[in-house]
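Same order as they appear, the protein sequences are chains A and B. Just so you know, we're using our numbering here: the first sequence kicks off at 35 and counts up by one. Just so you know, we're using our numbering here: the second sequence kicks off at 133 and counts up by one. Note that CB positions come from ideal geometry on N, CA and C, so glycine has one too.
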Amino acid sequence: MPDAGCWGPEPGADALLLTAWNALAEVMDPEIPVLSVVDLGVVRSVAREMDGRVAVTVTPTYSGCPATGVIVLDVETALARAGLDAVVRVVIAPPWTTDWISETGRAKLAEVGIVPPPASGKRSLTAPEESIACPLCGSTDTAQISRFGSTACKALHRCNACLEPFDVFKCH
Amino acid sequence: MAPTKEQTRDGSEGHRMSNDTQQALFGYALRLGDTSLVLGHRLSEWCGHAPELEEDIALTNVALDLVGHARLWLAYAGEVEGKGRDEDRLAYRRDVFDYRNHLLVEQPNRDFGHTIVRQFLHDSWAVELYDRLTASTDATLAGIAAKAVKEVRYHVRHSADWLIRLGDGTAVSHAKVQDALDRLWPYTGEMFESDAASATLAAAGIAPDPVELRAAWNARIADVLAEATLSRPADGWMQKGGLRGEHSEHLGFLLAEMQFLPRAYPDATW
Numbered sequence: 035m036p037d038a039g040c041w042g043p044e045p046g047a048d049a050l051l052l053t054a055w056n057a058l059a060e061v062m063d064p065e066i067p068v069l070s071v072v073d074l075g076v077v078r079s080v081a082r083e084m085d086g087r088v089a090v091t092v093t094p095t096y097s098g099c100p101a102t103g104v105i106v107l108d109v110e111t112a113l114a115r116a117g118l119d120a121v122v123r124v125v126i127a128p129p130w131t132t133d134w135i136s137e138t139g140r141a142k143l144a145e146v147g148i149v150p151p152p153a154s155g156k157r158s159l160t161a162p163e164e165s166i167a168c169p170l171c172g173s174t175d176t177a178q179i180s181r182f183g184s185t186a187c188k189a190l191h192r193c194n195a196c197l198e199p200f201d202v203f204k205c206h
Numbered sequence: 133m134a135p136t137k138e139q140t141r142d143g144s145e146g147h148r149m150s151n152d153t154q155q156a157l158f159g160y161a162l163r164l165g166d167t168s169l170v171l172g173h174r175l176s177e178w179c180g181h182a183p184e185l186e187e188d189i190a191l192t193n194v195a196l197d198l199v200g201h202a203r204l205w206l207a208y209a210g211e212v213e214g215k216g217r218d219e220d221r222l223a224y225r226r227d228v229f230d231y232r233n234h235l236l237v238e239q240p241n242r243d244f245g246h247t248i249v250r251q252f253l254h255d256s257w258a259v260e261l262y263d264r265l266t267a268s269t270d271a272t273l274a275g276i277a278a279k280a281v282k283e284v285r286y287h288v289r290h291s292a293d294w295l296i297r298l299g300d301g302t303a304v305s306h307a308k309v310q311d312a313l314d315r316l317w318p319y320t321g322e323m324f325e326s327d328a329a330s331a332t333l334a335a336a337g338i339a340p341d342p343v344e345l346r347a348a349w350n351a352r353i354a355d356v357l358a359e360a361t362l363s364r365p366a367d368g369w370m371q372k373g374g375l376r377g378e379h380s381e382h383l384g385f386l387l388a389e390m391q392f393l394p395r396a397y398p399d400a401t402w
């Protein structure tokens with residue numbers, strides 16, 4: 035499996051695969067319902083099995099994310115509703131990264147006031163966090179309140195200018 | 133735990149290995165799974181009780197990651213064993229003597245400082261181990277480690293931050309974490325203990341010899357303790373036995389709570 039994002043059908047995909055991708059684009063993440071599972075980057079591949087069935091491979095964001103089971107169920111339901119006899123598989127390698135969130139996904143996060151994750155890269159364990167602009171007033175005078183926020187994938191910050199708290203999608 | 137879906141992992145080609153290696157790998161996956169599960173359960177005991185809301189959320193988030201790692205390790209242990217035991221069966225239907233976790237992680241939470249010291253000692257070991265396991269010749273171990281190491285790197289930042297804040301904090305917070313460090317230190321030796329099984333796995337390139345982690349662990353401990361103005365206890369008598377199923381009295385109480393539901397209603401599904 036490629037170590038890169040995967041957000042839609044490859045050129046030349048047949049009608050069944052297109053149907054599957056369209057169905058997946060309608061499945062929203064249960065904890066951040068503005069993002070589809072495709073935008074979140076948890077759909078890793080959509081392909082045809084030897085027996086002709088559609089096989090969808092998904093990967094969890096965090097190892098213990100309670101939404102993973104719901105996502106698999108929602109994906110199965112959406113594919114069945116689209117009339118597909120599909121098989122859904124879960125893989126953990128290569129590990130999910132926030133770099134796999136699509137550009138559309140990042141824009142949608144920003145729209146609802148969640149700061150999209152900074153690009154990943156090797157960083158020292160003790161390096162300070164980079165400064166993050168407030169999604170409400172734009173000030174960069176912000177501080178982290180907690181490394182752990184409302185879901186496994188977010189941290190909680192506060193703006194010192196407008197005093198509003200806000201979520202930041204953690205770089206992962 | 134929710135029922136698992138069909139799981140496949142890239143690069144798995146079935147298990148064509150000698151009986152010794154298979155047995156060692158089963159035991160190794162159990163050790164990692166049990167250590168993650170017991171620590172995850174300990175942290176979940178803070179839910180609703182942490183000193184502040186943010187830490188309540190933080191500790192339970194870390195717990196969630198650890199229980200996630202436990203599921204992956206135990207599911208793999210069951211697969212390697214090949215006797216039809218799944219992650220739930222391994223987690224809920226084994227008693228104390230069959231658990232293979234480090235003694236460190238079963239020690240009770242006591243106060244917040246004590247919990248943070250225990251976490252930091254563990255995280256500093258786990259980050260070094262998982263980092264090396266990503267190069268395992270066993271594709272599944274490598275895959276789980278690559279997933280887990282990203283989360284553990286985040287955990288160790290959190291526990292190190294708090295240790296520095298408490299150690300270099302007030303006289304009371306300093307005394308409490310120094311006391312916790314002295315109390316927990318005898319449980320750290322076990323993390324670097326080698327035995328026949330770890331030698332078999334090291335020879336096959338499946339897992340590093342536990343002793344190899346020691347230098348990097350020492351270096352991280354020294355850095356953080358210095359910044360936290362804490363003293364490193366002397367390496368004296370080290371408690372051992374967890375890896376062979378000889379546990380402190382605390383594990384039985386933990387399992388009694390964790391296993392109550394599946395023991396009372398053996399085939400319940402939810």
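If you check the beta carbons only, do A:Ala-167 and A:Asn-194 fall under 8 Å apart? no
Do A:Pro-150 and A:Phe-200 come within 8 Å of each other at the CB atom, strictly closer than that value? no
Ignore the nearest five residues each way along the sequence and tell me which others in B:Thr-332's own chain have a CB closer than 7 Å to its CB. Asp-152, Thr-153, Ala-156
Given a cut-off of 8 Å on the beta-carbon distance, is the pair A:Thr-174 and A:Val-125 in contact? no
Cβ of B:Val-237 within 8 Å of any chain A Cβ: no
Interface residues of chain A around B:Ile-189 at Cβ under 9 Å? Residues of chain A with a Cβ closer than 9 Å to the Cβ of B:Ile-189 are, in chain order, Ser-180, Phe-182, Gly-183, Ser-184, Leu-190.
Spatial distance of B:Cys-179 from A:Val-61 (CA atoms): 31 Å
Partner residues on chain A for B:His-254, Cβ-Cβ distance less than 7 Å: Those within 7 Å of B:His-254 in chain A number zero; the least Cβ separation is about 15 Å.
Show which residues of chain A have a CB atom less than 7 Å away from the CB atom of B:Lys-282. Pro-129, His-206
Helix, strand or coil at A:Ile-215 according to DSSP, with G and I counted as helix: Outside the modelled stretch of chain A, which goes from 35 to 206, sits residue 215 of chain A, for which no answer is possible.
Which stretch, first to last residue, makes up the beta strand (DSSP E) that contains A:Ala-177? 176 to 180
Could you name the residues of chain A that B:Glu-186 contacts, counting a contact when the two beta carbons are closer than 8 Å? Listed along chain A, the residues sitting closer than 8 Å to B:Glu-186 by beta-carbon distance are Ile-179, Ser-180, Phe-182, Leu-190.
Is the distance from the Cβ of B:Arg-346 to the Cβ of B:Leu-357 below 8 Å? no
Just the Cα atoms here: how many angstroms apart are B:Ser-291 and A:Asn-56? Whole-angstrom Cα-Cα distance: 43 Å.
Any C-beta of chain B under 8 Å from that of A:Ser-79: Output row for A:Ser-79: interface = no.
For A:Gly-86, would you say it is in contact with chain B, using Cβ-to-Cβ distances shorter than 8 Å as the test? no
For A:Cys-171, the nearest candidate out of A:Cys-196, A:Pro-64, A:Thr-102 (CA to CA): A:Cys-196
Any beta carbon of chain B sitting closer than 8 Å to that of A:Ser-210? The first residue shown for chain A is 35 and the last is 206, placing residue 210 of chain A beyond what the model contains.
If contact is defined by three or more beta carbon pairs under 8 Å, each pair taking one atom from either stretch, is the segment 80 to 94 of chain A in contact with the segment 47 to 56 of chain A? yes
Using DSSP with H/G/I as helix, E/B as strand and the rest coil, what is B:Arg-370? What sits at residue 370 of chain B in the sequence shown is Met, not Arg. If DSSP states are grouped into helix, strand and coil, B:Met-370 belongs with coil.
Assuming B:Leu-206 contacts B:Leu-222 (C-beta within less than 8 Å), just tell me the rounded distance between them. 5 Å
For a quick check, are the C-beta atoms of B:Pro-240 and B:His-379 less than 8 Å apart? no
Which term fits A:Arg-181, buried or exposed, when burial requires 16 or more other beta carbons within 10 angstroms of its beta carbon? So A:Arg-181 counts as buried.
Could you list which residues in chain B have their beta carbon closer than 8 Å to that of A:Ser-97, in chain order? By Cβ distance, chain B contributes Asp-197, Gly-200, His-201, Arg-203, Leu-204, Lys-279, Ala-280, Glu-283.
Between B:Asp-243, B:Phe-229, B:Ala-336, B:Gly-210, which lies nearest to B:Glu-177 when the distance is taken from Cα to Cα? B:Asp-243
So, at 6 Å on beta carbons, what are the nonlocal neighbours of A:Thr-53 in its own chain, with the 5 sequence-adjacent residues on each side left out? Ala-116
My output table needs one value for B:Asp-243: the three-state DSSP class, helix, strand or coil. coil
Return the residues of the segment 282 to 308 of chain B that lie within a Cβ-Cβ distance of less than 9 Å from chain A, sorted by chain order. If the cut-off is 9 Å between Cβ atoms, the segment 282 to 308 of chain B has Lys-282, Glu-283, Arg-285, Tyr-286, Val-288, Arg-289, His-290, Ala-292, Asp-293 near chain A.
Under a three-way DSSP split, which group does A:Ser-70 fall into? strand
What does a CB cutoff of less than 8 Å around B:Ala-349 pick up in its chain, not counting 5 residues either side in sequence? Reading the sequence as shown, one finds Trp at residue 349 of chain B and not Ala. Hits under 8 Å: Ser-256, Trp-257, Glu-260, Met-323, Phe-324.
Do you know how far the Cα of B:Arg-297 is from the Cα of B:Leu-236? 22 Å
Could you tell me which of A:Ile-148, A:Gly-183, A:Glu-137, A:Ser-165 sits nearest to A:Val-72, measuring between CA atoms? For A:Val-72, the closest C-alpha among the options A:Ile-148, A:Gly-183, A:Glu-137, A:Ser-165 is that of A:Glu-137.
Could you tell me which chain A residues have their CB closer than 7 Å to the CB of B:Asn-193, listed as they occur along the chain? Phe-182, Ala-186
If you run the structure through DSSP and keep just helix, strand and coil, what is B:Asp-355? helix
Would you give the residue range spanned by the beta strand (DSSP E) that B:His-290 belongs to? Per DSSP, B:His-290 belongs to no beta strand (DSSP E); it is in the alpha helix (DSSP H), 271 to 299.
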